[in-house]
Amino acid sequence: MARQILAILLIYLLRTAADNVVCDNQTTIAGQLATSQRRRNRKHCIVAPPQEYVAPKVELKTRQAQKAPGVCSEACYRVATCNEEVGGRCDCPKHLSGWDCSRNATASRLAAYSQAPVLEARSPMACLNNCTMRGHCVLGACICSRGNFTSDCSMSLGPDGKPQLLAGTGYKPRKKRPRIYVYDIPHKYSSWHNPTRLDRSLHWVFWERLIGSGALVENGDDADWYWLPIKLRSTVDGYRLLEVLRYIRTEWPWYDRLQGHRHFVIHTGDTGRGEVASDVRDISANLTWLHHWGLVDDWDTSGWKAAHRPGKDVVVPIYFGARQGLGVVAMSGLHPRAPRWRRTRTLLFAGRICGDHSKPSPHKPWPHCETNRSSGYSQGVRQMVHFYHHNRTGYRIVTGDARYPVDLLNYNWCLAPSGGGHGHRQVLASLVGCLPLIISDSVMQPFEPEMDWDLFGLRVRHEDIPRLHELLAAFSEEDLERKRAALRCAAQHMVFSTIGGALMQEDGRWDAFEFILEILRMQQTYPGLDPKKYAASDAQFRAFLNCGDDDGMAAYGEKLRKTQETWYSPTELPLPPNAADAVIAAERGWNGITIEQFREMLAKYDVQRDPKREVSPLPLCSNSLFDWRGARCRVSRPTLVNFAPGGAACEG
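All letters in the sequence shown, in the order written, are residues -18 to -1, 1 to 634 by mature numbering (1 follows the signal peptide of the UniProt record, and there is no 0).
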């Protein structure tokens, strides 16, 4: 606690220093942009000499074998973390700098990597994996106990000088492949990012899950894949990737040994790999990118460059936090305790339609937005669907919907277009049980083409938007039920249940984290194989894809539905305020419920205990509002990213 208070006071003193602010190292693109921002803010800054490791601008000398262990100075051990594996690198805490951490950090660095002192005092930033109880947390960064290192203090050197994970705990990597090695790059590139400010937190939560899953290994010689845990969100971050690549090539042998193959990064930006500069893409061409954007061709009208390479990169779903709609997917119609009422409407979309943020005018000819600015937004799909179908019976294409949570449960199809890059409506729709309607030419969806989205959704070409109503009308109720059954499996693939908790009482075996590892295994086992053929070529992958059912996704979902119906009778579930009994409620369905009545019904779920699960507890804590509060996930404090610090899905 004393260290925390001192660090907070130091932040305050540095941030209230004189107008002459010391600048970060100006040799990096990030430093140049920071300087430009200060000039716009009329701040005076003086260029300081480099105080942290930055890849030297000299001829690169790559490493052919692992570096010999080393130690740090006593000054470093007193206040910082020493990575002994790479010869004794002193990793300073955020508020200190210098080769032995003997100087105070600059105000600008603290501003980038920390929060205001009053906020830190009230709600300290969480550290990665709670420093695995082998160090203490200061300003959201671990200061490891002597002998321990990495961003979460989980590594140390054994008596033989070799690295070991969680020494003394008996940790062993799981038998199931692949096994992942994580480079301990300088922490300013990786774990030095305020998690409460991350709008997309997959990089952080994926890292926390690795060690709990047993997929993490301490020695790169034993690894199948290698992760560079650099935060990649913007174009500028791409240039930091070049610095990291240079660094790992001088410190470890595996990147050059594999020529960059079987190495991966996570990018959470709007246009993924396409968001970084072309020279960065060229230099990192052999890296595998896990990103949210699956554009495979240039899209000139939107100004987008092709980003995704099927079979090399992986389109992954977002991690749902408060900003992405966690409160909406918490009301999933796939939950076994959700009301089993028939969906009576056809197509739903609620959100931004025009690129210029205006509301489309139904009375104007095409184009019917206020201006033609940003006409390439969503590839023009949202605007076209509204133009042709906004007034059609059973269709709701609007910019806002006060009944949105209820409508998601009442419509058969949910439009899932792109936005200013990747969208997340296809995942959101799937998680609530609404069949995703994909209209995004040349854009692969999460885990596509490894997973066939036509099994539980529908792809429509842009040119077919005018006759969209005819295409949807061609589906019989039996067709829709078959897709809904497959969705009960597919939806589990699109949520990181083992990280953040369950949405439909799933156990996490088939979740998005495990799906990522399965695809990496396939890439290593069958290099060059068309990912569309993964299921036909590998029994283990096929079993995973179908949630363990030999008869396929739909068969799995139908069996699961019948099992869940034996668990929960409709007469046992809370009723809406306007229903006298379950039969009347089913007849009226979602059409007869206002949003206020829906909230009243959820309040009943909140307090009604689940006797079935008291006998057979849930395998994961729940994020669903259809589970009673005693089964809910608990976090130590609320954050915008909404995950439990430490990587555990459940507490207790």
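Glycine residues also receive a C-beta, built at the ideal position from the N, C-alpha and C atoms.
- In this structure, the CA atom of Asp279 is about 13 Å from the CA atom of Arg255.
- Cβ-Cβ separation between His77 and Leu101: approximately 16 Å, too far for a contact (criterion under 8 Å).
- Residue pairing by DSSP puts Gln146 in a beta bridge opposite Ser138.
- Under DSSP, Cys124 forms a beta bridge with Cys119.
- A Cβ-Cβ distance of about 15 Å is found for the pair Gly415 and Asn605, leaving them out of contact under the 8 Å criterion.
- Judged by pairs of C-beta atoms under 8 Å, the segment 316 to 330 does not touch the segment 205 to 212, as fewer than three such pairs exist.
- Take the alpha-carbon of Gly129 and the one of Asp532: they are about 49 Å apart.
- Membership of Phe497 in any beta strand (DSSP E) is not indicated; the residue belongs instead to the alpha helix (DSSP H) covering 494 to 507.
- Assignment of Ile212 by DSSP, reduced to helix, strand and coil, places it in the coil class.
- Beta-bridge pairing by DSSP links Met426 to Gly276.
- Residue range 327 to 332 is occupied by the beta strand (DSSP E) that includes Arg327.
- For the pair Thr88 and Ala98, the Cα-to-Cα distance works out to about 15 Å.
- Under the Cβ criterion (8 Å, minimum of three pairs), the segment 536 to 543 does not count as touching the segment 276 to 293.
- The alpha-carbon of Asn176 is positioned some 15 Å away from that of Cys113.
- Annotated as proximal: Leu121 and Pro75, with beta-carbon spacing under 8 Å.
- In this structure, the alpha-carbon of Ser136 lies about 36 Å from that of Gly403.
- As computed with DSSP, Leu192 is found in no beta bridge at all.
- Here DSSP, grouped into helix, strand and coil, assigns Asn392 to helix.
- If only complete runs of 3 or more residues are kept, the segment 405 to 449 shows the beta strand (DSSP E) at 417 to 420, in order along the chain.
- Nearest in C-alpha terms to Val226, of all of His273, Ser314, Lys594, Tyr171, is Tyr171.
- The three-state reading of DSSP puts Ser519 in helix, counting H, G and I together.
- Selection Tyr229, Trp275, Ser55, Leu391 evaluated against Asn573 yields Leu391 as nearest (Cα-Cα).
- Under the three-state reduction of DSSP output, Tyr359 falls in the helix class.
- In the assembly as shown, Pro145 is a buried residue. Its beta-carbon has 16 or more other beta-carbons within 10 Å.
- DSSP, reduced to helix, strand and coil, places Pro387 within a helical segment of the structure shown.
- By the neighbour-count criterion, in which a residue is buried when 16 or more other Cβ atoms sit within 10 angstroms of its Cβ, Ala518 is exposed.
- For the options Arg570, Leu148, Gly530, Ala288, the alpha carbon positioned closest to that of Ser424 is the one of Ala288.
- Ranked by how close their Cα comes to the Cα of Pro344, the residues Gly315, Asp219, Val380, Gln427 have Val380 in first place.
- Each residue's CA atom was taken as its position, placing Ile162 and His185 some 15 Å apart.
- Within the same chain, Cβ atoms closer than 6 Å to the Cβ of Gly490 are found at Ser479, Thr480, Leu602, the five residues on either side in sequence being excluded.
- The distance from the Cβ of Cys396 to that of Leu417 is about 7 Å, consistent with a contact at the 8 Å cut-off.
- For Ala585, the number of other beta carbons within 10 angstroms of its own is below 16, and it is reported as exposed.
- Assignment of beta-bridge partners to Tyr163 by DSSP yields Tyr208.
- In the structure shown, the three-state DSSP call for Cys336 is coil.
- Per the DSSP secondary-structure output, Trp286 pairs in a beta bridge with Trp281.
- Checking the DSSP bridge columns, you'll see Phe131 partnered with Met137.
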